[in-house]
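Here's the structure we're looking at; comments come further down.
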Amino acid sequence: MIPSDEGRKVMRYDEMELGEEFPPMEFSISEDRVRDYQRVFEDEHEWLREGGPKVPPFVSSMDVIAPIFMKYAIAPGTIHAKQEIEMIRPVQPGKKLTAKSRVADKYIKRERKYVVFETLTQDEDGNLVNRNRFHFVLPE
Amino acid sequence: MTEKENSTSSGQEIPPVEKGMDQDKINAFAHFSGDFNPIHVNEEFAKKAGLGGTIAHGAISLGYFCEMLVNYFGENWLEGGGFSVSFISPVRPGYKVKYRGVITGERETDKGKVLDLEIWCENQDGVKCIVGKAYGPARL
Chain A
1 MIPSDEGRKV MRYDEMELGE EFPPMEFSIS EDRVRDYQRV FEDEHEWLRE
51 GGPKVPPFVS SMDVIAPIFM KYAIAPGTIH AKQEIEMIRP VQPGKKLTAK
101 SRVADKYIKR ERKYVVFETL TQDEDGNLVN RNRFHFVLPE
Chain B
1001 MTEKENSTSS GQEIPPVEKG MDQDKINAFA HFSGDFNPIH VNEEFAKKAG
1051 LGGTIAHGAI SLGYFCEMLV NYFGENWLEG GGFSVSFISP VRPGYKVKYR
1101 GVITGERETD KGKVLDLEIW CENQDGVKCI VGKAYGPARL
């Protein structure tokens, strides 16, 4: 979940440093969060069935972006240009996760300024559960 | 015991997912994600930004790609599945969007056989909005 913009710097291409790391974020995904996702997406899969509770892959991949937005606010006009998702282990609701993010790349292509954030998410045993790369085009 | 595998052939299309897009869904996702970038939720801002009106968050479509891939691969997709997509044309309110995938081949990895796919989504006029590649474990 992206926090409100209050009190944070707006994300600017020239201020992003390649390799910049963000403080790790500990979090968990509740069953209510899964239900909210299912309502918004009209996803009828039985994610929360007895004996097989899992977090939908979209939720476990998207909620990990928060560490970046804890530091930077989204500049109005930012465009989500590309996304890479790698699912490694299922995530269980309520279990502690740790997301570590960094600026993995930044480049200019066709006069558009791209920043790539990579997030690795681990479970409480230190196992990698997913890897995500978010490519954004930042406005001037 | 021999592990069961998806019965597939290159060129085979997997079952698509079809979803309508409207501003209510975009607003609901903004609340779900905390992403209130005005290009998604402010018609005037989006027009001034040259977008012709609000556009859906790219992340909404990521959720639908996940749904399509879980429908096909099952929950195995949460352990060894993934995709990479580029957003090439906005998904707009009023669109009827079809999320599609075609198997392009298979390969052996250290975790077993993996199926590769081309994935994309297109609007009601057949215009592609998002294109990319996906993969998932062949085992059922």
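Chains A and B supply the protein sequences, listed in that same order. Counting from 1, one number per residue, gives the positions in the first sequence under our numbering. Counting from 1001, one number per residue, gives the positions in the second sequence under our numbering. Glycine residues also receive a C-beta, built at the ideal position from the N, C-alpha and C atoms. Computed from a predicted model, the values in this text were never measured in an experiment.
Legend entry - Stretch pair the region 54 to 67 of chain A + the region 1101 to 1114 of chain B: three plus CB contacts closer than 8 Å: Taking 8 Å as the limit for Cβ pairs, the verdict is that the region 1101 to 1114 of chain B does not touch the region 54 to 67 of chain A.
Inset, instruction - Excluding the 5 residues preceding and the 5 following residue 1039 of chain B in the sequence, name in chain order all residues of the same chain whose CB lies nearer than 8 Å to its CB. - result: Scanning its chain for C-beta atoms nearer than 8 Å, with the 5 sequence neighbours on each side dropped, one finds around residue 1039 of chain B the residues 1045, 1046, 1049, 1051, 1054, 1055, in chain order.
Legend entry - Nearest to residue 1013 of chain B (by Cα), restricted to the options B:1130, B:1124, B:1125, B:1120: Ranking B:1130, B:1124, B:1125, B:1120 by Cα distance to residue 1013 of chain B puts B:1120 first.
Legend entry - Any chain A beta carbon closer than 9 Å to residue 1079 of chain B: Yes, its Cβ sits closer than 9 Å to a Cβ of chain A.
Legend entry - Spatial neighbours of residue 1016 of chain B in its chain, beta-carbon cut-off 8 Å, leaving aside the 5 residues before and after: Only residues of its own chain outside the window of five on either side were considered, and among them 1068, 1098, 1099, 1100, 1101 have a CB closer than 8 Å to the CB of residue 1016 of chain B, listed in chain order.
Legend entry - Contact set between residue 16 of chain A and chain B, taken where Cβ atoms lie within less than 9 Å: Residues of chain B whose Cβ lies closer than 9 Å to the Cβ of residue 16 of chain A do not exist, since the nearest Cβ in that chain is about 17 Å away.
Legend entry - Start-to-end residues for the beta strand (DSSP E) that takes in residue 70 of chain A: From DSSP, residue 70 of chain A is part of no beta strand (DSSP E) but of the alpha helix (DSSP H) over 66 to 71.
Inset, instruction - Please list the partners that residue 1062 of chain B has in chain A, where partner means a Cβ-to-Cβ separation under 8 Å. - result: Within 8 Å Cβ-Cβ: 58, 61, 62, 83, 85.
Inset, instruction - Using a Cβ cut-off of 9 Å (strictly closer), state whether residue 42 of chain A contacts chain B. - result: Chain B contact via Cβ: present.
Inset, instruction - Determine the burial state of residue 135 of chain A: buried for a count of at least 16 other Cβ atoms within 10 Å of its Cβ, exposed for fewer. - result: Buried, by the Cβ-count rule.
Legend entry - Selection of the region 1103 to 1135 of chain B by Cβ proximity to chain A, strictly under 7 Å: Using a CB distance below 7 Å, no part of the region 1103 to 1135 of chain B faces chain A.
Legend entry - Distance between residue 31 of chain A and residue 94 of chain A (C-alpha atoms, nearest Å): When rounded, the separation of the alpha-carbon atoms in residue 94 of chain A and residue 31 of chain A is 7 Å.
Legend entry - residue 124 of chain A versus residue 90 of chain A - alpha carbon distance: Their Cα atoms are separated by approximately 13 Å.
Legend entry - Cβ-based contacts, 8 Å cut-off: residues of the region 1040 to 1054 of chain B near chain A: Within the region 1040 to 1054 of chain B, the qualifying residues are 1045, 1049.
Inset, instruction - Would you mind reading off the limits of the alpha helix (DSSP H) that contains residue 1029 of chain B? - result: It spans 1023 to 1033 - the alpha helix (DSSP H) in which residue 1029 of chain B sits, taken as one unbroken run.
Legend entry - For residue 103 of chain A, three-class secondary structure by DSSP: Looking at residue 103 of chain A - three-state DSSP - the assignment turns out to be strand.
Legend entry - Under 7 Å from the C-beta of residue 89 of chain A: neighbouring residues of chain B: Within chain B, the residues placing a beta-carbon under 7 Å from that of residue 89 of chain A are 1079, ordered along the chain.
Legend entry - DSSP three-state assignment for residue 40 of chain A, whether helix, strand or coil: Of the three classes helix, strand and coil, the one that applies to residue 40 of chain A here is helix, per DSSP.
Inset, instruction - Note down the Cα distance separating residue 98 of chain A from residue 1106 of chain B, rounded to an integer number of angstroms. - result: Between residue 98 of chain A and residue 1106 of chain B, the C-alpha separation is close to 33 Å.
Legend entry - Counterpart residues of residue 987 of chain B in DSSP-defined beta bridges: One cannot answer for residue 987 of chain B here, as it falls past the ends of chain B, which runs 1001 to 1140.
Inset, instruction - Go ahead and label residue 107 of chain A buried or exposed: buried means 16 or more other beta carbons lie within 10 angstroms of its beta carbon, across all protein chains shown. - result: The residue is exposed, with fewer than 16 neighbouring Cβ atoms inside 10 Å.
Legend entry - Assigned exposure category for residue 138 of chain A - 16 Cβ within 10 Å defines buried: It counts as buried.
Inset, instruction - Identify which residue in B:1041, B:1042, B:1031 has its Cα closest to the Cα of residue 41 of chain A. - result: Nearest option by C-alpha distance: B:1031.
Inset, instruction - Starting from residue 1018 of chain B, find everything on chain A with Cβ-Cβ shorter than 7 Å and list it in chain order. - result: Simply none; closest approach about 11 Å.
Inset, instruction - Pull up the distance between the alpha-carbon of residue 50 of chain A and that of residue 38 of chain A, whole angstroms please. - result: Going from the Cα of residue 50 of chain A to the Cα of residue 38 of chain A covers about 17 Å.
Inset, instruction - Please confirm if residue 1089 of chain B has its CB atom under 9 Å from at least one CB of chain A. - result: At least 9 Å separates the CB of residue 1089 of chain B from every CB of chain A.
Inset, instruction - With DSSP as the reference, please indicate the residues paired to residue 85 of chain A in a beta bridge. - result: Answer is A:132, B:1083, bridged to residue 85 of chain A.
Inset, instruction - Select from the region 16 to 36 of chain A all residues with a C-beta closer than 8 Å to any C-beta belonging to chain B, and list them in chain order. - result: Contact residues of the region 16 to 36 of chain A toward chain B are 36 (C-beta to C-beta distance below 8 Å).
Inset, instruction - Identify every run of the alpha helix (DSSP H) within the region 1047 to 1096 of chain B, keeping only runs that are complete inside it and at least 4 residues long; order them along the chain. - result: Those alpha helix (DSSP H) runs which fall completely within the region 1047 to 1096 of chain B and span 4+ residues are 1058 to 1073.
Legend entry - Where residue 1015 of chain B sits in the DSSP three-state scheme: Note: residue 1015 of chain B maps to coil in three-state DSSP.
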